[in-house]
Every structure is written in C-alpha cells, then in structure tokens.
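Residue numbers (my numbering): 426 to 757.
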C-alpha cells in the first residue's frame, strides 16, 4: 500500500468521523472521557443530552399559563410517586377548567409552550438541523402539530399523546448516548492504531527508496562487470598474440590495440561512475521531496485525529529510543 493510498484512507476516515461527530453533536469536552450514564428517576422520564429540560421551569410558576405559585391537588396534596410532568398537566387542566375552553389561539399557545419545554426549538429555529437530536425533535414537533390539528377540542387526549411522544424522545436520548459512547470507543481504538502509523509509513518509505536505489546501483554494477569481463577477455587475447617472431609493425599494432582497450576501459569506468553519482543524487532529491510531502500530509491529517497526549507520549518514546541508540554508538 502506497503512502498516498494511506493518506487518502485517513482523509476519508477523518471526514466520516467529523460527520458522525456533528450528527451526534459530540463536543470536544466529551472526547477525553466517555459520557457518564445519568441516573434515572422513578416515575419521570429522562431528557436528551442536547434537549431543553422539561423541568427547567417549574410549571406551576409558568408566567405564560398565569398560574399561581402553588397548585394543590383536588385531594389536598400530591402523591409521592407523581412526576413533574403529571403535576404540570394537572396545573394546565386546572387552568383550563377555570378559564373554559377559550379560543383556538390560546389553546395553541399553551400547546406550543408545552411542546417547546418538552421538545426544544422547532425545526426552522434549530441551529443544527442536520444533527440526530434536531431530526428527532423535528419529527416530534410535526407529530404534535398534526395531533393538535386533529384533536383541537380534546386537550386531555393531546396531553396523553404527548406523553407517548416523550417516551419516544427518551428512547432517542438513550440511543444517542449509546451512539456517543460507541463513537468514543471507536475513536480511541482508531487513535491507538494511528499512534505508530507515522513511524511505520516513514520507515516503509525509506526502505522502498533504499531498495530502488539498490536496484539502480545493481543494474549499473552488472553493466560494469560485463564491461570489465569483455575488457579482460580482450586483454588475454592481446597477451596470447605476443610472439618473439612478431615484426616491429605487428608489435606496434598490438601495443596500440592494448592502449585503446585501456582507454576504453577507463572511459567506461568514468562514465559509469558519473552515472552512479547522478542516480544517487536524483534518488536522494526524490527521497527528500517525497519525505517532506509525506510528513506534511501526515501532519495535516493527524492533527485532528491524534490527541496531544498520544502524540506527546509517542514523541517521548522516540526520543528515548534515539538517546539509547546514541549511547550504544558511543559505547562501541
């Protein structure tokens, strides 16, 4: 696998993780520790981590409903297991019984106010409409509006149906927390795999360029060996042609042939030396350029994927390894 393919895979993985983090609305503060499970109160449903608390404002003191600071139950007091939502519904029923059915506008205002406290902002005012929570809230709002249009004269039925919607919201909240926890586990495992990745990629990059350089040098060496073998064969041929009976002209011609062989051998050796220097210089420049590009890509890709703690730990381990190697070198 080439470094470009690895960088492309890391880039696509980073985009996918970022997309999932935005969809699950995972904050940076949650990346260091998994979200703790919230204690469930008996008789009252849980609220989502990103939704407005349904008990953030005490319903009996709601300024929109105009109720008094305390609303007593018909029996003289609230039961011990009664939830805050049921108390709020009782106060709303009390106000409705006191004021009568009223106009459609007042009922819509009360329903919208309750829906806001239960489900948060509507979709058009939600700042992050692509998140999981906003999608669930949008479905809950649309369902509530449809039910409100069908049951505009039956407030109790609307409240009962709204309780069921709150149950769906609780299930979505549990699923959201489980998804966040699973994403945090996957990111932690992914970071463990990414920690040694730069050293492995750089080492493989170095080995690949070293093997390419060794292959080029091997080709040049084989060519030089073939040239030396041919020159040595010609030298032996010239040596065997030496005779005592050779005339001066024949001896001079044989001597000129030997000198030409030596010149050709020297020229070929020098040319091969220049070619090797050029090959080494070219491979070195290519290695430095590609290593700089690989390091830059790794820094850009791993900047958001590796946490500072993991990076610092890996750097310290590498520094200790280098110091140990230097001490061994001095000792030898």
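Backbone N, C-alpha and C fix where the C-beta goes; we use that ideal spot for every residue, glycine too. Small disclaimer: the values here were computed from a predicted structure and weren't measured.
Check                                                                                                                                                                                    : Outcome
Out of 710, 660, 613, point me to the one whose CA is closest to residue 688's CA.                                                                                                       : 660
Quick check: the stretch 686–704 against the stretch 589–604, are there 3 or more CB pairs under 8 Å?                                                                                    : no
Rounded to a whole number of angstroms, what is the C-alpha to C-alpha distance between residue 429 and residue 681?                                                                     : 58 Å
Below 8 Å, can you find three or more Cβ-Cβ pairs linking the stretch 704–711 to the stretch 636–645?                                                                                    : yes
What does the Cβ neighbour count give for residue 562, buried or exposed, with the cut at 16 atoms within 10 Å?                                                                          : buried
Which two residues bound the contiguous alpha helix (DSSP H) that contains residue 784?                                                                                                  : The structure shown does not extend to residue 784, since the chain spans only 426 to 757, so no value can be given for it.
Go to residue 671, then tell me how far its alpha helix (DSSP H) extends in each direction, as first and last residue.                                                                   : Note, residue 671: premise wrong, no alpha helix (DSSP H); not H, not E.
Under 8 Å, with one C-beta from each stretch per pair, do the stretch 625–637 and the stretch 672–681 reach the 3-pair mark?                                                             : no
Since residue 652 and residue 663 are thought to touch, with beta carbons under 8 Å apart, how far apart are those beta carbons, to the nearest angstrom?                                : Not confirmed; about 17 Å, so no contact.
How many whole angstroms separate the CB atoms of residue 726 and residue 435, which I take to be in contact at a CB cut-off of 8 Å?                                                     : 5 Å
Between the beta-carbon of residue 723 and the beta-carbon of residue 591, is there less than 8 Å?                                                                                       : no
Check whether the Cβ atoms of residue 557 and residue 619 lie closer than 8 Å to each other.                                                                                             : no
Going straight from the alpha carbon of residue 719 to that of residue 442, what length do you get?                                                                                      : 22 Å
Spatial neighbours of residue 645 within its chain, please: C-beta separation below 8 Å, excluding the five flanking residues on both sides.                                             : 697, 700, 701, 704
Helix, strand or coil for residue 728, going by three-state DSSP, please let me know.                                                                                                    : coil
Indicate the three-state DSSP secondary structure (helix, strand or coil) for residue 442 in the structure shown.                                                                        : helix
How close, in whole Å, do the beta carbons of residue 446 and residue 555 come, if the pair is a contact with beta carbons under 8 Å?                                                    : Going by Cβ atoms, the distance from residue 446 to residue 555 rounds to 12 Å, so no, they are not a contact pair.
Compute the Euclidean distance between the alpha carbons of residue 426 and residue 559, then round it to the nearest angstrom.                                                          : 41 Å
In whole angstroms, what separates the C-alpha of residue 715 from that of residue 656?                                                                                                  : 40 Å
Which same chain residues end up closer than 6 Å to residue 684 when comparing Cβ atoms and leaving out the 5 residues on each side of it in sequence?                                   : none
So residue 449 and residue 608 are supposed to be a Cβ contact under 8 Å. How far apart are they, rounded?                                                                               : 6 Å
What is the rounded straight-line gap between the Cα of residue 621 and the Cα of residue 615?                                                                                           : 11 Å
Helix, strand or coil for residue 452, going by three-state DSSP, please let me know.                                                                                                    : coil
Report the three-state DSSP secondary structure of residue 718 (helix, strand or coil).                                                                                                  : helix
For residue 632 and residue 624, I'd like the C-alpha separation in whole angstroms.                                                                                                     : 12 Å
Counting C-beta neighbours from all protein chains within 10 Å, is the total for residue 444 16 or more, i.e. buried, or is it exposed?                                                  : exposed
Kindly list the residues whose CB is nearer than 8 Å to the CB of residue 711, restricted to its own chain and excluding five residues on each side of it in sequence; keep chain order. : 634
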